[in-house]
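J.: Okay, here's the structure, questions in a sec.
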Amino acid sequence: MRCTFCPSEAVLRLRHANLRLCPEHLVARVEKEAEKAIREFRMFSPQEKILVAVSGGKDSLGLWAILTRLGYTADGLYIDLGIGDYSRRSREFCEVFAREHGLMLHVLELRKELGAGLDEIAETLRGEPCAHCGAIKRYLMNRAAWEGGYAALATGHNLDDEAATLLGNTLRWDLEYLARQYPVLPEGPKLARKVKPLVYLSEREMVAYCLLRGIRYIYEECPHSVGARSLFLKDILNRLEDAAPSTKITFLKSFLRVHDQLPPGPEAEVHACPSCGMPTAARGPCRFCRIKERMAQRAPA
Ligand code: AMP
Ligand code: FES
Ligand code: ZN
Ligand code: ZN
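If you count by our numbering, then the sequence shown holds residues 1362 to 1662, one letter each, in order.
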């Protein structure tokens, strides 16, 4: 199988883009698609400093490498969730990447922030661990980007993630979530701009990119994600994609084209949390501060 662009042997076939790519052209395509999304959605300029939230997985570490290669200034943020061996190993992948590339990595630890790791939080609080985790991560990412004076916070959400989220939101016709699903969300008071430069890149491309660029990352999924709805939706989309290549990219791009026709959603009344001062839609303390308080009230083991 020959590369679409040169006589070299292709290592990856992308049916949805009608391309067969050799290592060199695959790396070039991934970086070009990321740059395209950054420009198309005006995510940030080369003069702005970015904070990349890195989980130790292929997407976020790949994104950090791409941004650096494209000439952007990007520091990393790793949140140590205290999920046993999974957190210890994913943290190490981030630290090794930062060290090898001479990049700055900030680390926040849930045990220091909340007095407990996610495993203990999941045991103490009712509800899905992933829902608490998502809220905690969003809070810490925003606070770190805001306090650090970064122009934007970048996450490694890829095409597969975005298509699965879109399918979930569409199945519920959740107009509020649909209105907020966009590759760039603007900044506000104490709110950092949020950007997703990998929206046009599939999981397979990110795996191949990391492999070719020698980026080592954690393969395992978080142990709490077993049976998660997002994995189920991804599986369904993969089956659709097998039968009709380009289902995912068409689904996402068509949605992004009509996104500005969606009703803007109710303007959430935002208050300053009386405890930490960060913005929240809650009347009293924000969700993060409530979790913190709840963990402090635990009976000592
Ligand atoms: P997830 O919510 O696990 O699908 O991750 C989505 C994105 O959030 C990743 O691509 C990262 O950019 C970011 N992220 C996830 N977990 C962490 C973490 N522990 N520390 C920092 N960023 C994270
Ligand atoms: Fe948050 Fe798994 S990474 S629950
Ligand atoms: Zn080629
Ligand atoms: Zn608070």
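Note that beta-carbon positions come from the ideal geometry of N, C-alpha and C, so glycine has one too.
Quick caveat, the model's predicted, so the values are computed rather than measured.
#1: In this structure, how does DSSP classify A1633 when only helix, strand and coil are distinguished?
#2: With distance defined between alpha-carbon atoms, name the residue in H1632, R1430, E1628 and L1501 nearest to L1464.
#3: Let me know the secondary structure DSSP gives R1381 once reduced to three states.
#4: Need the endpoints of the beta strand (DSSP E) that I1411 sits in, please.
#5: Just to check my reading of the structure: V1372 and Y1570 have Cβ atoms closer than 8 Å, yes? What is that Cβ distance to the nearest angstrom?
#6: Where do the N-terminal and C-terminal ends of the alpha helix (DSSP H) with D1621 fall, by residue?
#7: Given the structure, does H1518 come close to ligand 1, in the sense that its CB is under 8 Å from one of the ligand's heavy atoms?
#8: Have a look at the DSSP bridge pairing and note the partners of A1515.
#9: Please go through the same chain and pick out, in chain order, the residues whose beta-carbon is closer than 8 Å to the beta-carbon of E1537, but skip the five residues on each side of it.
#10: Could you tell me the alpha carbon to alpha carbon distance between L1471 and E1581, rounded to whole angstroms?
#11: CB of E1566 to nearest heavy atom of ligand 3: below 8 Å?
#12: I'd like to check one pair, I1597 with F1454: are the Cβ atoms closer than 9 Å?
#13: Indicate whether A1515 and A1426 have their beta-carbon atoms separated by less than 9 Å.
#14: Can you grab the Cα-Cα spacing for the pair K1498 / C1383, in whole Å?
#15: Counting Cβ pairs, one atom from each stretch, are 3 or more of them under 8 Å apart for the stretch 1392-1403 and the stretch 1545-1564?
#16: What residues match up with C1437 in a beta bridge as DSSP calls it?
#17: Excluding the five sequence neighbours on either side, which residues of its own chain have a C-beta within less than 6 Å of the C-beta of R1648, listed in chain order?
#18: Flag S1451 as yes when its Cβ comes closer than 8 Å to any non-hydrogen atom of ligand 4, and as no otherwise.
#19: Below 8 Å on the Cβ atoms is my contact criterion, and I expect K1557 with H1518 to pass it. Report the Cβ-Cβ distance as a whole number of Å.
#20: Just to confirm, does A1569 get its C-beta within under 8 Å of one of the non-hydrogen atoms of ligand 3?
#21: Helix, strand or coil for R1321? Go by DSSP, reduced to three states.
#22: Within its chain, find whatever has a CB closer than 8 Å to the CB of T1641; leave out the 5 residues flanking it on each side and keep chain order.
#23: Using three-state DSSP, classify T1611 as helix, strand or coil.
#24: What separation, rounded to the nearest whole angstrom, lies between the Cα atoms of A1492 and D1480?
#25: So is the beta-carbon of V1455 under 8 Å away from any non-hydrogen atom of ligand 2?
#26: Check V1457 in the structure and name its three-state DSSP category.
#27: Does the distance between the C-beta of M1404 and the nearest non-hydrogen atom of ligand 4 fall short of 8 Å?
#28: Listed in chain order, which residues are found with a beta carbon closer than 5 Å to a heavy atom of ligand 4?
#29: What do you reckon, is the C-beta of S1586 under 8 Å from a heavy atom of ligand 2?
#30: Give the range of the beta strand (DSSP E) segment to which R1565 is assigned.
#31: By the DSSP assignment, the alpha helix (DSSP H) with R1374 in it spans what residues?
#32: Look at the alpha carbon of R1452 and the alpha carbon of G1509, and state the distance between them as a whole number of angstroms.
T.: From the atom records:
#1: strand
#2: R1430
#3: strand
#4: K1410 to A1414
#5: V1372 to Y1570, Cβ: 11 Å. No contact.
#6: Element bounds for D1621: n/a, residue is neither H nor E.
#7: yes
#8: V1413 and V1556
#9: Scanning its chain for C-beta atoms nearer than 8 Å, with the 5 sequence neighbours on each side dropped, one finds around E1537 the residues G1626 and P1627, in chain order.
#10: For L1471 and E1581, the distance between alpha carbons rounds to 20 Å.
#11: no
#12: no
#13: no
#14: 37 Å
#15: yes
#16: A quick correction: the sequence has Gly, not Cys, at residue 1437. Beta-bridge pairing links G1437 to V1413 and L1466.
#17: A1496
#18: Every heavy atom of ligand 4 is 8 Å or more from the Cβ of S1451, so no.
#19: In this structure K1557 is in contact with H1518, their Cβ atoms being roughly 4 Å apart against a cut-off of 8 Å.
#20: no
#21: Nothing about residue 1321 can be reported from this structure: the residues present for the chain run from 1362 to 1662 only.
#22: Same-chain partners within the cutoff: V1631, H1632, A1633, C1634, C1647 and R1648.
#23: helix
#24: Rounded to the nearest angstrom, the gap between the Cα atoms of A1492 and D1480 is 13 Å.
#25: In the sequence on display, residue 1455 carries Cys and not Val. Because no heavy atom of ligand 2 lies under 8 Å away, the Cβ of C1455 does not count as near it: no.
#26: helix
#27: no
#28: C1634, S1636, C1637, C1647 and C1650
#29: yes
#30: For R1565, there is no enclosing beta strand (DSSP E); the residue is found in the alpha helix (DSSP H) stretching over E1564 to R1574.
#31: Segment L1373 to L1375 is the beta strand (DSSP E) holding R1374; no alpha helix (DSSP H) there.
#32: Approximately 20 Å between the Cα atoms of the pair.
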